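Just so we're aligned: the sequence shown equals residues 1 to 107 in full-length UniProt numbering.
Ideal Cβ placement from N, Cα and C applies to all residues, glycine included.
Only a predicted model underlies this, so the values are computations on that prediction, with no experimental measurement involved.
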Amino acid sequence: MSQNEMCPRFEKAVNILSQRWTALLIYQMLDGNSRFGEIQSATGVSGKVLSDRLKSMEQEGLINREVIPETPVVIKYTLTEKGLSLEPVLRDIEKWSQNWIEEKQEA
1 MSQNEMCPRF EKAVNILSQR WTALLIYQML DGNSRFGEIQ SATGVSGKVL
51 SDRLKSMEQE GLINREVIPE TPVVIKYTLT EKGLSLEPVL RDIEKWSQNW
101 IEEKQEA
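Put into structure tokens, the structure is as follows:
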């Protein structure tokens with residue numbers, strides 16, 4: 001394969017991670033945030049967008065969704081092996097950002 005040809009697997013991986021909020025949600029879940037409300041408050045994502053993104057991540061096999069039949073019903077999300085395997089990638093992006101992205105200056 002020439003360098004000008006995009007590997008279909010690489011392209012799909014980049015498309016998954018570049019979907020708005022996905023990488024940030026995975027990153028937050030690495031720290032143990034697993035309930036909808038915990039994830040939402042940690043990221044500031046709206047409820048509808050978070051719900052859509054979590055469904056997409058579940059379909060891609062990045063997270064598991066567990067319904068605990070309590071009152072009220074508790075829904076927990078956990079990273080799958082596939083989702084957890086992104087940790088080194090996201091940690092490397094974090095390191096890169098520390099070196100190359102300037103912090104916003106407060107006005």
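As an exercise, report each continuous beta strand (DSSP E) stretch of at least 3 residues that is fully enclosed by the UniProt domain "HTH hxlR-type" (7 to 105), in chain order.
Segments of the beta strand (DSSP E) lying fully in the UniProt domain "HTH hxlR-type" (7 to 105): 63 to 68 and 74 to 79.
On a Cα-Cα basis, can you pick out the residue from P88, E87, N64 and E94 that is closest to T78?
When each option's Cα is compared against that of T78, the closest is N64.
Just checking my contact of L62 with G47 at CB under 8 Å: how many whole Å lie between their CB atoms?
Not confirmed; about 20 Å, so no contact.
Cβ atoms of K76 and E60: under 7 Å apart, would you say?
Cβ atoms of E60 and K76: not closer than 7 Å.
With a CB to CB cut of under 6 Å and the five nearest residues on each side skipped, what residues in its chain are close to E58?
So the qualifying residues of the chain are R65.
Assuming the contact rule is C-beta atoms closer than 8 Å, N33 and I39 should be a hit. Round their C-beta distance to whole Å, please.
Yes, N33 and I39 are in contact; Cβ-Cβ is about 5 Å, under 8 Å.
Considering Cα atoms alone, identify which of S97, L17 and E5 is closest to R53.
Checked all of S97, L17 and E5; the closest Cα to R53 is L17.
Taking A42 as the reference, give the member of K55, W21 and S56 with the closest Cα.
Nearest of K55, W21 and S56 to A42, Cα basis: W21.
Output yes or no for whether 7 Å exceeds the beta carbon distance between L30 and E81.
The answer is no: Cβ separation not under 7 Å.
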